[in-house]
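Below: the structure, in structure tokens.
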Amino acid sequence: MSLLCALSIFCGLFLPFSFSALNAHYCVPRKTVSYQNELKVFREEGIWNYSTMLMREDLGVLLLGAREAVYALDINNISIRKAAAYWRVTEEKQRECTYKGKHAEVECRNYIRTLHTVNDTRMYVCGTNAFSPTCDYMTFSDGQLSLEGKQEEGKGKCPFDPFQRYSSLMVGNDLYSATSINFLGSEPVVLRSSALALRSEFKSSWLNEPNFVYMDFVGESVDSPDGDDDKVYLFFSENAMEYNFYSKLVVSRVARVCKGDMGGQRTLQRKWTSFLKARLDCSFPEPSLPAIVQDVFLLKHQDWRKSVFYAVFTPQSGSSDMSGVCAYSVSAIREIFNEGKFKTPVAVETSHVKWVMYTGELPVPRPGTCINDATRSMGMSRSLDLPDKTLQFIRDRPLMDEAVRPLTGGPLLVKKGAVLTRIVVDSVLALDGERYPVMFIGTENGYVQKAVNYAGEMFIIEEIQLYDNSQPVSTLRLSSSKGQLYAGSEFGAVQMPVSNCSRYATCADCILSRDPYCAWDFSADRCSSVHSLASSSENAIQSLKEGDVSQCPQPDPVAAVDFTLVPGNNIQLPCQPDSNLAQVHWRFSDQTLHSNNKYYIYSGGLLILNASESDAGLYTCDSLEQVSSRIYNRTLAVYRLQPHTEPGAGDGTTVGNEVTNSSDSIHSQHTAAPGPIPDPGGEDPLPPENQSEASSIVGLKVAVVLLSLLSLSLTAVVLWNMSRGRFVCFKFPQSSSESEGKRHSAEYVHIQNRTSEIKLLGPESGRPCSANNNHSAVDFKGNGEHHFTPMANISSLDGLGYINDESEI
Ligand SMILES: *[C@@H]1O[C@H](CO)[C@@H](O)[C@H](O)[C@H]1NC(C)=O
Ligand SMILES: *[C@@H]1O[C@H](CO)[C@@H](O)[C@H](O)[C@H]1NC(C)=O
Ligand SMILES: *[C@@H]1O[C@H](CO)[C@@H](O)[C@H](O)[C@H]1NC(C)=O
């Protein structure tokens, strides 16, 4: 039961008696992959803001737009630059821009914001051009990237302000864009630049201080039984007009226009006659203000009715610390626009307007309709033929009464703390012949969360750190055919494979990862990508929904590692699970160990304080990982502590380890008074000659941390580190009054921690335990998240790494 409780308090969804709350802990990624140098990176000295990407699989390049530069990069390896074109602002433009009060070196530059395909070799490119948006054509041929120098007006196609969100889309030769049309950024438009240009009405009921995030095209005319038109969908957030709220309330919207719209004859001349919008609903489990849409991805299906929009939401400022993903089917959105009720404004009191459901009769044809068989049968084959009544209705009431609900009723993923920024979704063919959507979600601190939702269960397979510093993912693109992900940021672009099955070392790890890209291959005895298996798939297993490892071969028994025990010393036994979801469980001669004044169980292992003869014996470290309703139990390490037999070995502070040579030893010492407390943060691993210094720093760190724990008399702590965008996704459970009394004798904790010792206990000893961590007493997780230990009274130690981080600030 204590295990179940520990799980349910994770993520802060504290539901003490609810077994269904077990899923809550899945907001913790199963694995955390910190920054690896093997990721392919592109950046050029002196160039910033790599924020626009256009994938040209046909040309084998990724076009990358940055500040004053466009690159054609090899799509298989973006660190290979095939060509570049530079588009700098002229001195005159920069001067004008500065004169209008903008910052010369920041805002008065040319940020490439638009890249679209025109034809096989030609692209359309727009830049902010020192607050004077300009567009041009660009060709990529014979390995050369060249701007044609057409310098078209970019107003309405590209924002003036490089910091403003916007969206655009090329459909045939028409450019759809949603941005501000003026210098101040105060006049939002949804524009179609084409032979017959159309725009939105300048009314706050159409767009009310919007933030545009995404646009896409759905070819709804294909196989349409009622001769319907194709649509362009637009996602944005804006100030709500339909709520009476004491202050500005932002809501998320989806809007659509018909591709064949030509505007009205008298009413809505040169303006959309088909602009309809609805609120997007994505409710998180905790009550909060409506979440705000940040990015959307359309997972296309051959049958457009089955296409699904995946949207990332973040909380309204200050209302919550949850981000999430909701999915919406094209059919559901379409139904609301085609059949739903409208909202209408009614005047209450003198100046105040309230929006309520419109219950009167609707004009015919239905307002906002595309030209279809029904209108054609009434003799209206162009929007220009629509009657004024229909057009006047839509001009004044573009908002639908009903909100669009998520496909699954609620979010597919909810994550506390880490702010989600961008999303792409891959449809992955698994071994069972089914396709599973795998979400890749960029975060504000430079990670990608790879997540799935198996029948309502949220599961994050892994999180991968993309950059060597913490910076927001500002663009995310997927090449499903290449199996590659591309992420842009201020400082560069990074390429990452969608999977790396070799990270899963054992059969159990491979199955427990529940990664649809990976399966355990019995013939090769390794975790391989499903894609590469193809023919020999009868020799491979996968268990995505259940995570059932029963078909895996039994792992070899773990050999015991011998340690020498010297009375009075502190002994550290490393053991680290390879999954963030696993909990570590220590046993000493069949007795379960808990943290108390004798033992410390922390994420890196076990610490035995002031050892005595009676501590000799067998110590076993097990990992317990819960998947679905099962708990998978595995022994990670076994240690045999033997009393020191040879008397007179120096002063009794050094203990030889009998497993290999004596220099690889657990070295423990007893210090009554720690010296001055050093800066506990960020020391690098020291060369061997400095190891004793390093170890005492580690020891002191532990002491500092434990002391600070004493001052934490809180029973529930949810720590939030704003400055780093980090967070801790757990609560400290109730500490028992018993442990209160004999709180840890922190002042004599002193561990000698040697690199050589770590090596000894690492892979050579044949355990999956990854102990190649110099801070073995303290757990450092890339993003400040923590896995936790099963027993309630020891979880507080899992805060170690975090609290230590805090003291760095
Ligand atoms: C692309 O379009 C341009 C101008 O519209 C035209 O000159 C060129 O031949 C086209 N290229 C291809 C490969 O169709
Ligand atoms: C561009 O990158 C620079 C350098 O990191 C940053 O200071 C600036 O805010 C970025 N500008 C935009 C528009 O993102
Ligand atoms: C260590 O344990 C011994 C007995 O096992 C005890 O006498 C001694 O006081 C302990 N040391 C400390 C610092 O608690």
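Count along the sequence shown starting at 1, add 78, and that's the number in our numbering. Just so it is clear, CB atoms sit at the ideal spot from N, CA and C, and this is done for glycine as well. Remember, it's a predicted structure, so these values are computed and weren't measured experimentally.
Residue i: CB within 6 Å of a non-hydrogen atom of ligand 1
{"i": "T199", "result": "yes"}
Distance cut-off 6 Å: residue i Cβ against heavy atoms of ligand 3
{"i": "N674", "result": "no"}
{"i": "E690", "result": "According to the sequence shown, residue 690 is Ser rather than Glu. S690: yes, Cβ under 6 Å from ligand 3."}
Straight-line Cα distance separating residue j from residue i
{"i": "F261", "j": "R277", "result": "18 Å"}
{"i": "E169", "j": "T212", "result": "15 Å"}
{"i": "L269", "j": "S224", "result": "27 Å"}
{"i": "Q629", "j": "C605", "result": "14 Å"}
{"i": "N207", "j": "R173", "result": "12 Å"}
{"i": "C588", "j": "Y128", "result": "35 Å"}
{"i": "A405", "j": "D252", "result": "28 Å"}
{"i": "V203", "j": "F295", "result": "19 Å"}
{"i": "K419", "j": "E183", "result": "50 Å"}
{"i": "E771", "j": "D399", "result": "In this prediction, E771 has a pLDDT of 36, which is less than 50 and means its spatial position is unreliable; what the coordinates show is noted afterwards. Going by the C-alpha atoms only, they are around 40 Å apart."}
{"i": "T453", "j": "V442", "result": "9 Å"}
{"i": "S255", "j": "V249", "result": "11 Å"}
{"i": "A529", "j": "P721", "result": "48 Å"}
{"i": "R108", "j": "F537", "result": "8 Å"}
{"i": "S667", "j": "G396", "result": "50 Å"}
{"i": "W433", "j": "P476", "result": "12 Å"}
{"i": "M458", "j": "G338", "result": "13 Å"}
{"i": "E535", "j": "V516", "result": "13 Å"}
{"i": "T670", "j": "T521", "result": "39 Å"}
{"i": "A163", "j": "F209", "result": "20 Å"}
Distance cut-off 6 Å: residue i Cβ against heavy atoms of ligand 2
{"i": "N127", "result": "yes"}
{"i": "F290", "result": "no"}
{"i": "P423", "result": "no"}
{"i": "F241", "result": "yes"}
{"i": "E568", "result": "yes"}
Distance CB(residue i)-CB(residue j) smaller than 7 Å
{"i": "A389", "j": "V371", "result": "yes"}
{"i": "T553", "j": "G561", "result": "no"}
{"i": "G683", "j": "P652", "result": "yes"}
{"i": "V716", "j": "A618", "result": "no"}
{"i": "Y149", "j": "R159", "result": "yes"}
{"i": "A356", "j": "I449", "result": "no"}
{"i": "T130", "j": "R200", "result": "no"}
{"i": "K235", "j": "I259", "result": "no"}
{"i": "E298", "j": "W350", "result": "no"}
{"i": "R334", "j": "F314", "result": "no"}
{"i": "E541", "j": "Y564", "result": "no"}
{"i": "T891", "j": "L469", "result": "No information on residue 891 is available, as it lies outside the stretch 79 to 887 that the chain covers here."}
{"i": "S591", "j": "I539", "result": "yes"}
{"i": "M293", "j": "L354", "result": "no"}
{"i": "S361", "j": "L498", "result": "no"}
{"i": "V374", "j": "F387", "result": "yes"}
{"i": "S701", "j": "P655", "result": "yes"}
{"i": "C579", "j": "S607", "result": "yes"}
{"i": "E146", "j": "W165", "result": "yes"}
{"i": "L151", "j": "L193", "result": "no"}
With 16 other Cβ atoms within 10 Å as the buried cut-off, status of residue i
{"i": "D603", "result": "exposed"}
{"i": "T110", "result": "buried"}
{"i": "S707", "result": "exposed"}
{"i": "H430", "result": "exposed"}
{"i": "A425", "result": "exposed"}
{"i": "S673", "result": "buried"}
{"i": "P754", "result": "Confidence in P754 is poor, its pLDDT being 30 and thus under 50, which makes the residue's placement too unreliable to answer from."}
{"i": "Y514", "result": "buried"}
{"i": "M478", "result": "buried"}
{"i": "P633", "result": "exposed"}
{"i": "K421", "result": "buried"}
Point to revise | the region 483-493 / the region 591-605 touching (three or more Cβ pairs under 8 Å) | key: Not touching, per the Cβ criterion.
Checklist entry - Can at least three beta-carbon pairs, one atom from the region 214-231 and one from the region 241-256, be found at a separation below 8 Å? => result Contact between the region 214-231 and the region 241-256 is absent, because fewer than three Cβ pairs lie under 8 Å.
(Q) So, does the region 145-156 touch the region 571-586, judging by three or more C-beta pairs under 8 Å? (A) yes
Counting beta carbon pairs with one atom in the region 301-308 and one in the region 446-460, are three or more of them shorter than 8 Å? yes
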